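Going line by line, the protein sequences match chains G and X. Going by our numbering, the first sequence opens with residue 36, and the numbers climb by one from there. Going by our numbering, the second sequence opens with residue 36, and the numbers climb by one from there. Yeah, the Cβ is synthetic: ideal placement off N, Cα and C, and Gly gets one too. Given the structure is predicted, the values throughout are model-derived calculations rather than measurements. Below is one structure, written out as structure tokens; comments come after it.
Protein chains: 2
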Amino acid sequence: MTYDERTARVALTRVLEPGDELGGRWLREFGAVEVVRRLVEGREPLPGASAQRWEGLLGRASRMRPERDLAEAEDAGARFICPGEPQWPAQLDDLGDARPTGLWVRGRPSLRIWALRSVAVVGARACTEYGAHVAATLGAGLAERGWVVVSGGAYGVDGAAHRGALGAGGATVAVLACGVDRPYPRGHTELITRIAEQGLVIGELPPGEHPTPSRFILRNRVIAALTRGTVVVEAAYRSGALVTARAAARLGRFTIGVPGPVTSGLSAGVHELLRGDAVLVSDAAEVAELVGDIGELAPDRRGPVLPRDLLDPGTGRVLAALPARGLAAADEVARGAGTTTDEAVGRLYELRALGFVERHGDGWKLTRQAMISVRGDRSGR
Amino acid sequence: MTYDERTARVALTRVLEPGDELGGRWLREFGAVEVVRRLVEGREPLPGASAQRWEGLLGRASRMRPERDLAEAEDAGARFICPGEPQWPAQLDDLGDARPTGLWVRGRPSLRIWALRSVAVVGARACTEYGAHVAATLGAGLAERGWVVVSGGAYGVDGAAHRGALGAGGATVAVLACGVDRPYPRGHTELITRIAEQGLVIGELPPGEHPTPSRFILRNRVIAALTRGTVVVEAAYRSGALVTARAAARLGRFTIGVPGPVTSGLSAGVHELLRGDAVLVSDAAEVAELVGDIGELAPDRRGPVLPRDLLDPGTGRVLAALPARGLAAADEVARGAGTTTDEAVGRLYELRALGFVERHGDGWKLTRQAMISVRGDRSGR
């Protein structure tokens, strides 16, 4: 049994736990095919693994089944992407040897492009009404400003942030600590299904895998690495959301906190962050101003980052469906491009991340730079 | 009519508005006696004053009546202190030419010594229940840690902070924007009277003067300059409390904010400060840690800053009434020193500021350094 590099990585998502830096080193030094070969043959232990660890890995390797995983994933509407592939978000490479072996992805939009313009909103599961309100308002406000809202799909703050983004006709990504075919928590099955339809549901674990406490913690590094900054809404001391925030800080991303009453234990962790290097924000406008590049403050000065010819054809059709002047609602654009509103929204956020369009309230319009480029193309024909 | 320098300053508190930097320059360049002489004679305008301004000053100068002011102040239990006098808090000299001409003071304790170890707690008049709760808790917590709580005597946060300190048997100073004989606001007559009995009520304006909007604003520079740091509890955008905080920052004092819900307009001003250089705190312990010197973190390393022989005799009796070991309540100390509890508390906070004693909960004890010094004295007899 020999796999190509990609299939070997699929196989290894069942063997290497998320964030296993020794495994990451093996992948970097030997390549996935060689790592799989040694695990299958079992005769040449990989360097740095204790005997016990090696035994454990051999046990897990006996459960590798990449073709079946890929087939099961496909049934669940998921695909697999690996480092270096066109869909791979390059930001994750900042994790070094803790970089995911690969990602399982449900949903149509390009994770790579969405990640360019994404912000994480995370916080307590058992949040207060205040935390839920703030997270939902932030999710909606970021979506309205053309930002992709990334979170963990959990109860409380995470769910409120996802719902806020969805409710504003926005883009959102749920990063799960289990197989993307099995929504967790169960009570969020409907929400996660909706995210997969309107946005993206991603994770490191192959179909059928369950979350564990360490998987939750390690999932957080993916949220932190994927995004330009992490906003913590409510977090008690020692909350997992603080793990995400600290990972963001280590990775050079913005660490951001929404304060709350000092009388609330659920704001204590956020306040602790804010007494360090995290930046205090009160609303989505302040988040956008912080994580946005110069273009955020002076949109005229940012043009598209990609020539129109290199756009995916479906995305090109959505771009072409935008009026030369003024705003259009996502469903109008969808009609013009002959596609569904969900797909049009996904592509509009890609176009936003690439600098072709802007969102203003519920409408979308070409950026000034894109307008010039479209006019140029038209006059040239 | 010629006055001595001190009486001339008394007279000028009725002529120069608080914070008048031109007046401050005259005082520095010519001395108060000469400034009064020119105002009385009216023939030699002081430099830099427009004709209109000079006329205005001459009009006000006709109302100078220092002896009557001193007599009225005495009737109201107030005294006058000027720059350079033993009771003058040297911190106010940091205000440069905007330094008060002098201060009217009601209450027994030494303003100079209390100011050494004081923190301002200020905020919105129309505060929320949350703001009032936080201010009262901070006032009490700072008092329990041996800190003098300074505020403006206003409704809302100010009043709650004063009451918190008083309720904890602590030391508090109200800085008024009117004559110290006329409590403002009227609804705080009882509170301000209590502060004058248990602490200090001070102001720049002579007896009978009313507050005005500009006097409120300029009063804030005194609060900022007097204290080691200013804590803002609740403040809307453009609140007067932010003026105090910014003055504190300009003077190199700590600027500190207590966050609140981002959904509350009364926390918006505080959050604006916290997005700048202000430090976020959640409780009195964090304030004390911040504004305290090294002695706050390692009390053993700080000895008294003054030889015992130089203490005021009444303060010396209170020091002598403390047990060689262990804690004593303020009323026990008062009994031992043959004085009232209010007076003993006032002197205990002076001794705290000077490094002789510490407060632990409701009890007072000698610092280690003071214990050694007391033992030394005793064995030497």
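Item to check | Completely contained beta strand (DSSP E) runs for the region 146-223 of chain G, where each covers 3 or more residues | outcome: 153-157, 183-186, 207-211
Next on the checklist: If you measure between the beta carbons of residue 146 (chain G) and residue 140 (chain G), is that distance less than 7 angstroms?
Outcome noted: Counted from its first residue, the first sequence places residue 146 (chain G) at position 111. Counted from its first residue, the first sequence places residue 140 (chain G) at position 105. Their beta carbons are under 7 angstroms apart, which means residue 146 (chain G) touches residue 140 (chain G) by this criterion.
Next on the checklist: Residues of chain G with CB closer than 8 angstroms to the CB of residue 298 (chain X), please, in chain order.
Outcome noted: Along the second sequence, read from residue 1 onward, the residue named residue 298 (chain X) stands at position 263. The answer, in chain order, is 165, 168, 169.
Next on the checklist: To be precise: take each residue of the region 281-293 of chain X, compare its Cβ to all Cβ atoms of chain G, and keep it if any distance is under 8 angstroms. Which residues remain?
Outcome noted: 293
Item to check | Cβ-based neighbour list, residue 314 (chain X), same chain, cut-off 8 angstroms, excluding 5 preceding and 5 following | outcome: As a position in the second sequence, residue 314 (chain X) is number 279, starting the count at 1. Correct list, in chain order: 289, 290, 291, 292, 325.
Checklist entry - My guess is that residue 277 (chain G) and residue 270 (chain G) are in contact by the Cβ rule of under 8 angstroms, so how many angstroms apart are they, rounded? => result In the first sequence, residue 277 (chain G) corresponds to position 242, counting from 1. In the first sequence, residue 270 (chain G) corresponds to position 235, counting from 1. Going by Cβ atoms, the distance from residue 277 (chain G) to residue 270 (chain G) rounds to 5 angstroms, so yes, they are a contact pair.
Item to check | Coil, strand or helix - residue 316 (chain G) by DSSP | outcome: Here residue 316 (chain G) is taken as the residue at index 281 of the first sequence, counted from 1. The answer is coil: DSSP assigns residue 316 (chain G) none of H, G, I, E or B.
Checklist entry - Do three or more CB pairs link the region 195-208 of chain X to the region 90-107 of chain X at distances below 8 angstroms? => result no
Checklist entry - Are the region 168-184 of chain X and the region 387-396 of chain X touching by the rule of at least three beta carbon pairs closer than 8 angstroms? => result yes
Checklist entry - Is the CB of residue 310 (chain G) under 7 angstroms away from at least one CB in chain X? => result In the first sequence, the residue the question calls residue 310 (chain G) occupies position 275. It does: the Cβ of residue 310 (chain G) has a partner Cβ on chain X nearer than 7 angstroms.
Checklist entry - Would a C-beta distance cut-off of 7 angstroms place residue 214 (chain G) and residue 240 (chain G) closer than the cut-off? => result By 1-based counting over the first sequence, the position of residue 214 (chain G) is 179. By 1-based counting over the first sequence, the position of residue 240 (chain G) is 205. Yes, Cβ-Cβ distance for residue 214 (chain G) and residue 240 (chain G) is below 7 angstroms.
Item to check | chain X contact for residue 174 (chain G) (CB, 7 angstroms cutoff) | outcome: Here the question's residue 174 (chain G) lines up with position 139 in the first sequence. False, the Cβ-Cβ gap to chain X never drops below 7 angstroms.
Item to check | DSSP three-state assignment for residue 372 (chain X), whether helix, strand or coil | outcome: Position 337 of the second sequence, counted from the start, is the residue given in the question as residue 372 (chain X). The answer is helix: DSSP assigns residue 372 (chain X) an H, G or I state.
Checklist entry - How about residue 146 (chain G): is its C-beta nearer than 7 angstroms to some C-beta of chain X? => result On the first sequence, position 111 is the one that residue 146 (chain G) refers to. Residue 146 (chain G) does not count as touching chain X.
Next on the checklist: Does residue 83 (chain X) pass the burial test, meaning 16 or more other C-beta atoms within 10 Å, or should it be called exposed?
Outcome noted: The residue given as residue 83 (chain X) occupies position 48 in the second sequence. Classification of residue 83 (chain X): exposed, given that the 10 Å Cβ count is below 16.
Item to check | Reference residue 63 (chain X); option with closest CA among X:246, X:309, X:71, X:132 | outcome: Translated into the one-based positions of the second sequence, residue 63 (chain X) becomes position 28. That would be X:132, whose Cα lies nearest to the Cα of residue 63 (chain X).
Checklist entry - When you compare each of G:70, G:151, G:127 to residue 387 (chain G) by their alpha carbons, which one comes out closest? => result Here residue 387 (chain G) refers to the residue found at position 352 of the first sequence. Of the candidates G:70, G:151, G:127, the one whose C-alpha sits nearest the C-alpha of residue 387 (chain G) is G:151.
Next on the checklist: For a minimum of 3 consecutive residues, which ranges assigned as the beta strand (DSSP E) are wholly contained in the region 97-151 of chain X?
Outcome noted: 113-116, 138-141
Checklist entry - How long is the line joining the alpha carbons of residue 86 (chain X) and residue 321 (chain G), rounded to whole angstroms? => result The sequence position of residue 86 (chain X) within the second sequence is 51, counting from 1. The sequence position of residue 321 (chain G) within the first sequence is 286, counting from 1. So the two alpha carbons sit approximately 49 angstroms from each other.
Item to check | Buried versus exposed, by CB contacts within 10 Å (16 or more), residue 197 (chain X) | outcome: As a position in the second sequence, residue 197 (chain X) is number 162, starting the count at 1. It is buried - the Cβ of residue 197 (chain X) has at least 16 other Cβ atoms within 10 Å.
Checklist entry - When the distance is taken between beta carbons, is residue 207 (chain G) closer than 7 angstroms to residue 184 (chain G)? => result Here residue 184 (chain G) is taken as the residue at index 149 of the first sequence, counted from 1. Here residue 207 (chain G) is taken as the residue at index 172 of the first sequence, counted from 1. Yes, the pair counts as a contact, with Cβ atoms nearer than the cut-off.
Checklist entry - From which residue to which residue does the alpha helix (DSSP H) around residue 281 (chain G) run? => result Your numbering for residue 281 (chain G) matches position 246 in the first sequence. Where residue 281 (chain G) is concerned, the enclosing alpha helix (DSSP H) stretches over 275-285.
Checklist entry - To which residues of the same chain is residue 57 (chain G) closer than 7 angstroms at the C-beta, ignoring the five residues directly before and after it? => result For the purposes of this step, residue 57 (chain G) is taken as residue 22 along the first sequence, with counting starting at 1. Here the set comprises 83, 84.
Checklist entry - So, does the CB of residue 325 (chain X) fall closer than 7 angstroms to a CB anywhere in chain G? => result As a working mapping, residue 325 (chain X) is identified with position 290 in the second sequence. It does not: the Cβ of residue 325 (chain X) has no partner Cβ on chain G nearer than 7 angstroms.
Checklist entry - From what residue to what residue does the alpha helix (DSSP H) around residue 305 (chain X) run? => result Within the second sequence, residue 305 (chain X) is the residue found at index 270, counting from 1. Unbroken alpha helix (DSSP H) run through residue 305 (chain X): 300-309.
Item to check | residue 335 (chain X) classed as buried or exposed, judged by whether at least 16 other C-beta atoms fall within 10 angstroms | outcome: Here residue 335 (chain X) is taken as the residue at index 300 of the second sequence, counted from 1. Because residue 335 (chain X) carries a pLDDT of 44, less than 50, the predicted location of this residue cannot be relied on, and the following value inherits that uncertainty. Classification for residue 335 (chain X): exposed.
Next on the checklist: Quick check: the region 43-61 of chain G against the region 240-254 of chain G, are at least 3 beta-carbon pairs closer than 8 angstroms?
Outcome noted: yes
Checklist entry - Between the C-alpha atoms of residue 171 (chain X) and residue 107 (chain X), what's the straight-line distance to the nearest angstrom? => result Along the second sequence, one-based indexing puts residue 171 (chain X) at 136. Along the second sequence, one-based indexing puts residue 107 (chain X) at 72. Taking the straight line from one Cα to the other gives about 33 angstroms.
Next on the checklist: Going by DSSP, what residue range makes up the beta strand (DSSP E) through residue 235 (chain G)?
Outcome noted: What you label residue 235 (chain G) is simply residue 200 of the first sequence in a count that begins at 1. Unbroken beta strand (DSSP E) run through residue 235 (chain G): 235-238.
Checklist entry - Of all the CB atoms in chain G, is at least one closer than 7 angstroms to the CB of residue 315 (chain X)? => result In the second sequence, residue 315 (chain X) corresponds to position 280, counting from 1. Yes, residue 315 (chain X) counts as interfacial toward chain G.
Checklist entry - Taking the C-alpha atoms as reference points, what is the distance between residue 419 (chain X) and residue 368 (chain X)? => result Because residue 419 (chain X) is not part of the residues shown, which for chain X are 36 to 416, the question remains open.
Checklist entry - Comparing alpha-carbon positions, which option in X:254, X:59, X:190, X:385 lies nearest residue 118 (chain X)? => result Translated into positions along the second sequence, residue 118 (chain X) becomes position 83. Of X:254, X:59, X:190, X:385, the residue nearest in Cα terms is X:59.
Checklist entry - Skipping 5 residues on each side, what residues in its chain have a beta carbon closer than 6 angstroms to that of residue 111 (chain X)? => result Sequence index remark: in the second sequence, residue 111 (chain X) carries index 76 (1-based). Closer than 6 angstroms at the Cβ level, and outside the excluded window around residue 111 (chain X), lie 216.
Checklist entry - For chain G, is any of its Cβ atoms less than 7 angstroms away from the one on residue 295 (chain X)? => result Reading the second sequence from its first residue, position 260 is the one you call residue 295 (chain X). Output row for residue 295 (chain X): interface = yes.
Item to check | Minimum Cβ-Cβ distance from residue 306 (chain G) to chain X less than 7 angstroms | outcome: By 1-based counting over the first sequence, the position of residue 306 (chain G) is 271. So, interface residue.
Checklist entry - If you compare alpha carbons, which of G:363, G:113, G:351, G:195 is closest to residue 175 (chain G)? => result Taking the first sequence and counting its residues from 1, one reaches residue 175 (chain G) at position 140. Cα-wise, what sits closest to residue 175 (chain G) is G:195.
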